[in-house]
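Chemist: Residue 353 in full-length UniProt numbering sits at position 353 of the sequence shown, and the numbers go up by one each step. Take this structure, written in structure tokens, and hold onto it; I'll ask about it next.
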Amino acid sequence: MTLDIAQVRSSFPALKSGYIFADNAGGSQCLSDVVSRISDYLLNTNVQLGADYSVSVTSTQRVADGIEAVRELFNAESADEIALGSSSTMLAENLARAMEGDFLEGEEIIVTGEHEANAGPWKKLAARKGLTLKVWAHTPLASAPNNPYAVALQLDALLPLITPKTRLLTFTGCSNILGALVPVKAFTAAARARAAELGVRKLEVCIDCVAYAPHRRIDVRAWDVDYCFFSMYKVYGPHIGALYARSTSLAHSLTSLAHHFLRVEDKSYKLQPGGPGYELAYACTAVPAYLRGLAPAGELDDAWARIAAHEQALVRPLLEYLKGKEARGVRIVGEETAGAGRAPTVSFVVVGERAVSSRDVVRAFDEKKNIGIRYGHFYAYTLVDSLSPKIDVDDAVVRISLVHYNTVEEVQKIIDILEEVLA
Ligand SMILES: Cc1ncc(COP(=O)(O)O)c(C=O)c1O
1 MTLDIAQVRS SFPALKSGYI FADNAGGSQC LSDVVSRISD YLLNTNVQLG ADYSVSVTST
61 QRVADGIEAV RELFNAESAD EIALGSSSTM LAENLARAME GDFLEGEEII VTGEHEANAG
121 PWKKLAARKG LTLKVWAHTP LASAPNNPYA VALQLDALLP LITPKTRLLT FTGCSNILGA
181 LVPVKAFTAA ARARAAELGV RKLEVCIDCV AYAPHRRIDV RAWDVDYCFF SMYKVYGPHI
241 GALYARSTSL AHSLTSLAHH FLRVEDKSYK LQPGGPGYEL AYACTAVPAY LRGLAPAGEL
301 DDAWARIAAH EQALVRPLLE YLKGKEARGV RIVGEETAGA GRAPTVSFVV VGERAVSSRD
361 VVRAFDEKKN IGIRYGHFYA YTLVDSLSPK IDVDDAVVRI SLVHYNTVEE VQKIIDILEE
421 VLA
């Protein structure tokens with residue numbers, strides 16, 4: 001069960017240059033097929049949707065095909081449950097605005113310190129409505145007792161936060177700093193069970209899958225979540241965000257943001273005050289088509305399993321190298337060992353007597369001119385700010401974020417540069 005890496009890499013023209021793209025959690029490279037579809041749409045079918053003339057019929061169908069492709073990536077039941085927008089951040093803010101009327105006085109929202117996209121809109125909503133906001137804190141992992149930065153979202157820190165007033169639970173499917181793949185299904189089931197015991201009126205769950213979607217298959221139905229979002233530009237596609245809202249939530253929890261005369265009661269258009277970029281919506285069709293091409297029988301599950309296996313081959317040597325530099329002051333921020341729950345997004349700091357700032361580590365890479373990594377808090381500001389002992393929240397962490405088109409040879413080159421920096 002392997003990936004044909006030569007085939008994979010040939011689908012991404014940017015990789016031909018030999019440049020090592022290792023900031024993929026910021027944004028992945030784009031499939032050539034995505035670009036072809038954008039230009040095909042704009043050059044041949046660039047008209048307004050919904051009219052009866054032939055070109056409009058084609059463009060309407062193309063956008064519908066794009067939404068269907070995104071539905072498949074969420075494994076949602078219906079394309080009516082999918083909203084598109086310019087970014088995940090904007091879609092989450094729209095969702096919070098649409099949900100505002102469904103909160104009762106005194107109800108509570110639980111957020112995490114992960115990327116602010118799935119916290120900020122809820123913090124602002126709580127402030128507007130006078131709701132109680134609770135932060136599900138990251139706690140140290142028992143597997144790494146000597147590393148205070150080996151932290152994760154853990155269930156025992158969540159369950160006590162749930163009370164009879166809890167209305168909304170939000171968390172990430174994968175941390176864009178820690179690389180931890182969160183067991184969304186198990187956490188959601190446990191939260192729902194606790195909420196049921198406590199007689200909660202209505203608990204809804206909203207998952208940020210932006211850092212999850214490039215690595216594993218999303219399954220909103222198996223997970224039993226109400227809302228979920230990710231950004232196609234991190235999943236080899238165009239710069240567009242996608243939001244899933246369960247049909248019952250669309251019908252009963254959300255007020256329409258669309259024009260008053262549009263009849264969109266139980267449709268995702270409630271969350272789209274305007275149309276998405278049509279050419280970008282159509283270009284989304286290239287992503288599941290590419291993924292299917294990675295598996296001999298065209299099965300998406302098989303494709304994702306191959307991606308996961310290759311990613312483990314990338315992340316294992318990198319984590320082992322960094323762990324071996326503990327005496328030099330390297331501390332991995334997140335789970336220290338590879339495994340099923342670990343995406344190849346690796347963050348670390350260099351502390352102690354011979355500390356090196358994250359900025360200086362990254363500068364050494366920048367000077368090579370053929371590799372891209374990055375440092376910072378990556379908008380997971382609250383998480384970085386909560387680490388103890390404290391680290392400078394602006395210098396934050398060095399992040400090396402790999403995806404399935406990276407190679408083991410590239411990882412070795414990264415390790416060679418780290419070896420120079422940490423000498
Ligand atoms: C985990 C996570 N959530 C949300 C976002 C925001 O996505 P967008 O840029 O589409 O708003 C990012 C972007 O880096 C992210 O990594």
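Just so you know, even glycine gets a beta-carbon here, dropped at the ideal spot from N, CA and C. Every value quoted in this text rests on a predicted model; they were computed, and no experiment measured them.
Ordered along the chain, which non-local residues of its own chain (more than five positions away) have a Cβ less than 8 angstroms from that of PHE187?
Modeler: LEU153, LEU155, LEU158, PHE171
Chemist: What residues in its chain sit with their C-beta under 6 angstroms from that of LEU43, if we drop five residues either side in the sequence?
Modeler: none
Chemist: Please classify ALA222 as buried or exposed, where buried requires at least 16 neighbouring CB atoms within 10 angstroms.
Modeler: The Cβ neighbour count for ALA222, taken over all protein chains shown within 10 Å, is under 16; the residue is labelled exposed.
Chemist: From the DSSP output, read off the bridge partner residues of ILE110.
Modeler: LYS134, LEU169
Chemist: Any heavy atom of ligand 1 inside 7 angstroms of the beta-carbon of HIS115?
Modeler: yes
Chemist: Please confirm whether any heavy atom of ligand 1 lies closer than 7 angstroms to the CB of ASN94.
Modeler: Checking every heavy atom of ligand 1 against the Cβ of ASN94, none is found closer than 7 angstroms.
Chemist: Only counting runs of 3 or more residues, tell me where the beta strand (DSSP E) segments fall wholly within the region 289-377, in order along the chain.
Modeler: 330-333, 345-350, 374-376
Chemist: For a minimum of 4 consecutive residues, which ranges assigned as the alpha helix (DSSP H) are wholly contained in the region 47-87?
Modeler: 54-74
Chemist: Report buried or exposed for GLU108, applying the criterion of at least 16 other Cβ atoms within 10 angstroms of its Cβ.
Modeler: buried
Chemist: Under 8 angstroms between the Cβ atoms of ALA355 and GLY329?
Modeler: yes
Chemist: DSSP three-state call for TYR244: helix, strand or coil?
Modeler: In the three-state reduction of the DSSP assignment, TYR244 falls in the strand class, which pools E and B.
Chemist: Using the Cα positions of ASP360 and CYS228, report the straight-line distance between them to the nearest angstrom.
Modeler: 36 angstroms
Chemist: Could you check if LYS369 is buried or exposed, using at least 16 other CB atoms within 10 Å of its CB as the buried criterion?
Modeler: By the neighbour-count rule (16 or more Cβ atoms within 10 Å), LYS369 is not buried but exposed.
Chemist: Following a CB-centred definition, is PHE378 positioned closer than 7 angstroms to any heavy atom of ligand 1?
Modeler: yes
Chemist: What are the boundary residues of the beta strand (DSSP E) that GLU204 is part of?
Modeler: 204-208
Chemist: On the criterion of 16 or more Cβ atoms from any shown chain inside 10 Å, does GLY237 qualify as buried, or is it exposed?
Modeler: buried
Chemist: Please return the same chain residues whose Cβ sits closer than 6 angstroms to the Cβ of CYS174, not counting the five positions on each side in sequence.
Modeler: LEU181, ALA211, TYR212, ALA343
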